[in-house]
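Trainee:
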Amino acid sequence: MRQRDVARAAVVAVVDVDGREWAQAADILIARHRTGWFARRWLSVARRRYPGCVVVVSRQRAGRWCLVGLPDGVRVRLVRGRPWSAEDAVRLGRSVYGAWLGPQWNRRDR
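All residue numbers for the sequence shown refer to the working numbering, where the first residue is 365 and numbers rise by one.
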């Protein structure tokens, strides 16, 4: 990996696993919730509590769905045939983060 790629790597924090300081520095926050109501509520709270975070991802505990929150308040609920694992939620967060910020980084490089 090139030096420039390392500098752009997203910082991921998993709520209730990583410390609060790590969550404050994170670009991507991952959490688990039982219901969609709790997930939507957490997305709103996470935006206020961690203003530097770009993407927040809530995974349903049984893995039935993932809810993704973006900076402009957009929420996307994703459901698929097989359950979402914790690793899948992290990959999803990184993909959304890259898609969200990728064009901005490319413009700066020129």
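We treat Cβ as the ideally placed atom computed from N, Cα and C, and that holds for glycine.
Please report how far the alpha carbon of residue 354 lies from the alpha carbon of residue 425, in whole angstroms.
Mentor: The requested residue 354 does not occur in the structure, where the chain is confined to residues 365 to 474.
Trainee: Which residues in the same chain have their Cβ closer than 6 Å to the Cβ of residue 460, if we skip the five residues on either side of it in sequence?
Mentor: 419, 432
Trainee: Looking only at C-alpha atoms, which of 393, 443, 428 sits nearest to residue 411?
Mentor: 393
Trainee: To the nearest angstrom, how far is it from the Cα of residue 409 to the Cα of residue 417?
Mentor: 12 Å
Trainee: For residue 421, tell me which candidate among 415, 413, 414, 430 has the shortest Cα-Cα distance.
Mentor: Measuring C-alpha to C-alpha distances from residue 421 to each of 415, 413, 414, 430 identifies 430 as the nearest.
Trainee: Can you give me the Cβ contacts of residue 464 inside the same chain, cut-off strictly under 8 Å, excluding the 5 residues immediately before and after it?
Mentor: 418, 419, 434, 435
Trainee: I need the DSSP call for residue 449, collapsed to helix, strand or coil.
Mentor: coil
Trainee: Looking at the structure shown, is residue 393 part of a helix, part of a strand, or coil, going by DSSP?
Mentor: strand
Trainee: Can you give the beta carbon distance from residue 406 to residue 390, rounded, assuming they're within the 8 Å contact cut?
Mentor: Not confirmed; about 14 Å, so no contact.
Trainee: Should residue 398 go down as buried or exposed, given a rule of 16 or more other Cβ atoms within 10 Å for buried?
Mentor: exposed
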